[in-house]
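Listed in order, the protein sequences are those of chains S and X. Sequence positions in the first sequence follow the working numbering and run 231 to 716. Sequence positions in the second sequence follow the working numbering and run 29 to 286. Even for Gly, the Cβ is constructed at its ideal location relative to N, Cα and C. For clarity, every value in this text was computed on a predicted model and none was experimentally measured. Inspection log for the structure reproduced underneath, given as structure tokens.
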Amino acid sequence: MSDIYEDLRPIFFPRSAAVVGVSQDTWKPGSSMLRALVRFGFEGPLYAVSARGGTLMGLEVYPSVQSLPEPVDVAFLFVPTQSLIDVVRQCRQRGVRGIVAFTGGFSETGTPEGRALEEELKKEFDGSFRMIGPNCLGVYSPGGGVTQHPGESYSRRSGDVAFIAQSGGLSEDFARAAPNFGFYCSKVVSYGNACDVNEADLLEYAGVDPATNVIGMYIEGPREGRRFANVLRDVAPRKPVVVWKGGVTPLGAAAASSHTGSLAGSAEVWSALLKQVGAIQVGSFEESLDTLAAFHFLPGLSDTRIGYVGAGGGNTVVAGDASYRAGLPLPRMSAETQQKMAAFLPPVGSSTVNPVDVLAPMPSAPELKGILEAMAGSGEVGTIIVDRIVLSKGLRRLMHYADQAAVEDEPWLSDIPIDIHRSAGVNVVVVLREYLDPNGDFSVEAERLRLREYYQSNGLAVYPTVERAFRALGHVIGHNRRGGSS
Amino acid sequence: MSATTDMGAGAIGRDQAIAVIEAALARGQAALSEHQAKQVLTAYGIPVTEERVVRDSSELAGALGDLGFPVVLKIDSPDILHKTEAGLVALDCRTTGEAEAALDRILRQAQEHFPAALIDGVLVQEMVTGSVAECIVGMKKDPQFGPTILFGLGGIFVEVFEDVALRVVPLSETDARDMIRETRGFRLLAGARGRPKADVAAIEDVLLKMSRLALDLEPYLTEIDVNPLMAGPEQAAGGRPAKAVDALMLLDRSGQEG
Numbered sequence: 231m232s233d234i235y236e237d238l239r240p241i242f243f244p245r246s247a248a249v250v251g252v253s254q255d256t257w258k259p260g261s262s263m264l265r266a267l268v269r270f271g272f273e274g275p276l277y278a279v280s281a282r283g284g285t286l287m288g289l290e291v292y293p294s295v296q297s298l299p300e301p302v303d304v305a306f307l308f309v310p311t312q313s314l315i316d317v318v319r320q321c322r323q324r325g326v327r328g329i330v331a332f333t334g335g336f337s338e339t340g341t342p343e344g345r346a347l348e349e350e351l352k353k354e355f356d357g358s359f360r361m362i363g364p365n366c367l368g369v370y371s372p373g374g375g376v377t378q379h380p381g382e383s384y385s386r387r388s389g390d391v392a393f394i395a396q397s398g399g400l401s402e403d404f405a406r407a408a409p410n411f412g413f414y415c416s417k418v419v420s421y422g423n424a425c426d427v428n429e430a431d432l433l434e435y436a437g438v439d440p441a442t443n444v445i446g447m448y449i450e451g452p453r454e455g456r457r458f459a460n461v462l463r464d465v466a467p468r469k470p471v472v473v474w475k476g477g478v479t480p481l482g483a484a485a486a487s488s489h490t491g492s493l494a495g496s497a498e499v500w501s502a503l504l505k506q507v508g509a510i511q512v513g514s515f516e517e518s519l520d521t522l523a524a525f526h527f528l529p530g531l532s533d534t535r536i537g538y539v540g541a542g543g544g545n546t547v548v549a550g551d552a553s554y555r556a557g558l559p560l561p562r563m564s565a566e567t568q569q570k571m572a573a574f575l576p577p578v579g580s581s582t583v584n585p586v587d588v589l590a591p592m593p594s595a596p597e598l599k600g601i602l603e604a605m606a607g608s609g610e611v612g613t614i615i616v617d618r619i620v621l622s623k624g625l626r627r628l629m630h631y632a633d634q635a636a637v638e639d640e641p642w643l644s645d646i647p648i649d650i651h652r653s654a655g656v657n658v659v660v661v662l663r664e665y666l667d668p669n670g671d672f673s674v675e676a677e678r679l680r681l682r683e684y685y686q687s688n689g690l691a692v693y694p695t696v697e698r699a700f701r702a703l704g705h706v707i708g709h710n711r712r713g714g715s716s
Numbered sequence: 029m030s031a032t033t034d035m036g037a038g039a040i041g042r043d044q045a046i047a048v049i050e051a052a053l054a055r056g057q058a059a060l061s062e063h064q065a066k067q068v069l070t071a072y073g074i075p076v077t078e079e080r081v082v083r084d085s086s087e088l089a090g091a092l093g094d095l096g097f098p099v100v101l102k103i104d105s106p107d108i109l110h111k112t113e114a115g116l117v118a119l120d121c122r123t124t125g126e127a128e129a130a131l132d133r134i135l136r137q138a139q140e141h142f143p144a145a146l147i148d149g150v151l152v153q154e155m156v157t158g159s160v161a162e163c164i165v166g167m168k169k170d171p172q173f174g175p176t177i178l179f180g181l182g183g184i185f186v187e188v189f190e191d192v193a194l195r196v197v198p199l200s201e202t203d204a205r206d207m208i209r210e211t212r213g214f215r216l217l218a219g220a221r222g223r224p225k226a227d228v229a230a231i232e233d234v235l236l237k238m239s240r241l242a243l244d245l246e247p248y249l250t251e252i253d254v255n256p257l258m259a260g261p262e263q264a265a266g267g268r269p270a271k272a273v274d275a276l277m278l279l280d281r282s283g284q285e286g
């Protein structure tokens, strides 16, 4: 395993940890970090450090890093700006191998004092330890029992997606949102000012991390641009790297300069670089998550032929537009396949061409099964998007479709997309629309969320709109057709 | 095997290019003259116009003997970067008389309007005809990622529509292929509306050589502008290499000061 993997092991998989800068006020950051680690389930010895000593949450509080009974693998530092350098020095002298420095007040302030202090801090780096930060929200590594501040409620479950962020807030949002998209994280890192460990190191780490199959990044400006470009060239051909570049407009670039002190650089050069190394550029939080989900669920997808099965004329028209914009124009079904599907469709008002319009969103289970099997068995598509079909008996009752069509007792209705996905040599992607009516029936949302989780846990990607489904599939298919990540 | 051969040729080319640049720096130049820039391009195997620098009518006669007609005459000075705008270019000279008159006029006007300029002489070069399209190939340094290569079609495509493609060096063959094709102007090179098709492979070759040049000479150069690069017709139509007709290179003097 490479040097960087071993270098960062004490931070991502610590055997012991200390939180430095706890307070008797349990709402202050050091104390809430300690609480987060305990509740998140950190299993190794955990120490609290504060000059005031005493006890906190049943733990003895050590007066200094030097007084710790062992040189811990990782120290989480919540000390004031002016003491950070001293505490880092004490950690080094005590043999601490990893530091996560949450403390702010350095180069990100844009002041000469802040920059000077950061230069002083760098003088403590002698290669005996690695540091994330300062000015960050830390790391989330569910496999190592480590979470961010404030991350005690993040999922304990590990997954195959890593997210590397030059923003604490966005790293937190990502860690919280990932399970909604059906995937889980191997590592999430907010790397702050990147005094030591920077974007290139973390990308290199994610590239060799056996737990990570897909990599997402939010970046404003790199600390080591040339090295970052070289690491991207190395990693992107092996694992998909989805990059959300912040500060691509004059206003965003100005904000980046005051946020992380970053030179945002030329948006055109960034786009050129990402294209030429085979990384995938995205432009928003949703697009990042959608695209990472698509790489997670359908990593090798390269077949451009998509079948769309939806309900209602307008919906099929906008699906056609979305497919075309994503570079995945829907292929017309053969006469034979159309004939097979027609047997399960109403004679008037439906369409079998692709986009397929089933007319109303509540086909019976045998009808839906017949349509999807005919399409899947045709060999004419590689993926089927099922949109706007109400996919459970419970949801049909809640949305009053039961009043319009007799709902037989067909508990297997929900399983049809899963069965097709598993058996027929095609992938199925489900679109479950979110209505989110604050005055509506919350049990509709609850049932929709249950269905979403059911599909995701059975290996199907789920999107809230057809546009987002096509856009995400377009990224994966385009990437794999250009040579992809093998 | 071929890689080793390429490396050897590259190293010699690099030494030749650096010799040109260092001589220019020693003279206090901030930019290369067109002729010097062409020597740097030549050192990297990028085809340039056949040309001679002359200072008087007897040298002009020798140059015309070598080049024939028609020819173009331009001021050759590292201090005069916009020759056409300054009226210091004479196109399509078809006789010795025309060439001599142009030589006198260009030298006189240059001395009049740019009395402080370092003037190497007048560049006499072949007039390139029969090309299919004018292209622009540039190099600029990005503060984060280093040298970048730009490609676009000349004239309004670059200046009005900003229809350019960019890549960060080093360029792969795929990059060179893709960047030409991603410009909207590519359709002209591909024979839109019955136009003759251009030898696109020859342009790709220039882009790859520019990438090598930009990497090798990164400490010396801040900007390169080859404008125009004349694209010749495709091989099937008799093929002619893409040819650099004008070239501008700005020197990085940060190593020279202090």
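Pairing V76 of chain X with L101 of chain X, the inter-Cα distance amounts to about 15 Å. Listed in chain order, the positions of the region 300 to 328 of chain S with a beta carbon within less than 7 Å of a beta carbon of chain X would be empty, since no residue qualifies. When DSSP assignments are scanned along the region 468 to 551 of chain S, the uninterrupted stretches of beta strand (DSSP E) that are 3 or more residues long and fall wholly within it turn out to be 471 to 475, 510 to 512, 536 to 540. Classified as buried, M361 of chain S has 16 or more neighbouring CB atoms from the shown chains inside 10 Å of its CB.
Nearest CB-CB separation between E498 of chain S and chain X: below the 8 Å threshold.
Around the beta carbon of S262 of chain S, a 10 Å sphere encloses 16 or more other beta carbons of the protein chains shown; the residue is thus reported as buried.
In terms of CA proximity to A407 of chain S, S:L519 leads the group S:L519, S:L628, S:V674, S:L289. DSSP, reduced to helix, strand and coil, places N710 of chain S within a helical segment of the structure shown. Here the alpha carbon of K469 of chain S sits roughly 7 Å from the alpha carbon of I445 of chain S. Across the structure, W474 of chain S and R282 of chain S are spaced so that their CA atoms are roughly 43 Å apart. Chain X has a Cβ within less than 8 Å of the Cβ of L493 of chain S.
Our two residues, S644 of chain S and R562 of chain S, have alpha carbons roughly 27 Å apart in a direct line. Contact between G38 of chain X and R221 of chain X fails: their C-beta atoms lie close to 40 Å from each other, not under 8 Å. G174 of chain X is bridged by DSSP to X:D170. Look at L666 of chain S here: in three-state DSSP terms it is coil, with no helix or strand label. Ranked by Cα distance from T582 of chain S, the first of S:R682, S:Y538, S:P596 is S:Y538.
Residue ranges of uninterrupted alpha helix (DSSP H) with 4 or more members, entirely inside the region 236 to 298 of chain S and ordered along the chain, are 259 to 270.
Boundaries of the beta strand (DSSP E) around N657 of chain S: 657 to 661. Minimum Cα-Cα distance from M571 of chain S among the listed residues S:E498, S:G325, S:A606 corresponds to S:A606.
Membership of K417 of chain S in the beta strand (DSSP E) is indicated by the continuous run 415 to 420. Only those residues of the region 170 to 189 of chain X whose C-beta falls short of 8 Å from the nearest C-beta of chain S are listed: D170, P171, Q172, F173, G174, T176. If you compare the alpha carbons of X:M277, X:E62, X:R80 with that of K111 of chain X, the shortest gap goes to X:E62. When the beta-carbon positions are compared, Y277 of chain S and L298 of chain S come within less than 8 Å of each other. Among the CB atoms of chain S, none fall inside 8 Å of the CB of R136 of chain X. Counting along the chain, no beta strand (DSSP E) covers Y435 of chain S; the unbroken alpha helix (DSSP H) around it starts and ends at 429 to 438. Below the 9 Å Cβ cutoff, chain X contributes Q172, F173, G174 as neighbours of R456 of chain S, in chain order. Not flagged as an interface residue toward chain S: L235 of chain X, since no C-beta distance is shorter than 8 Å. Residue pairing of M277 of chain X in beta bridges, as defined by DSSP: X:L60, X:I252.
Here Y685 of chain S is not near P641 of chain S, since their CB atoms are 8 Å or more apart. Between G334 of chain S and the set S:N423, S:P585, S:Q568, S:A691, the nearest pair of CA atoms involves S:N423. Under a 10 Å Cβ-count criterion, M287 of chain S is classified as exposed, with fewer than 16 other Cβ atoms of the shown protein chains found around its own Cβ.
In this structure, G251 of chain S sits near S280 of chain S, with a CB-CB distance shorter than 8 Å. For the alpha helix (DSSP H) assignment, the uninterrupted runs of no fewer than 4 residues enclosed by the region 667 to 704 of chain S are, from N- to C-terminal side, 672 to 687. Taking 8 Å as the Cβ-Cβ cut-off, the region 471 to 487 of chain S has no residue approaching chain X.
With 16 or more other Cβ atoms inside 10 Å of its own Cβ, Y292 of chain S counts as buried. In this chain, the beta strand (DSSP E) harbouring V82 of chain X covers 79 to 82.
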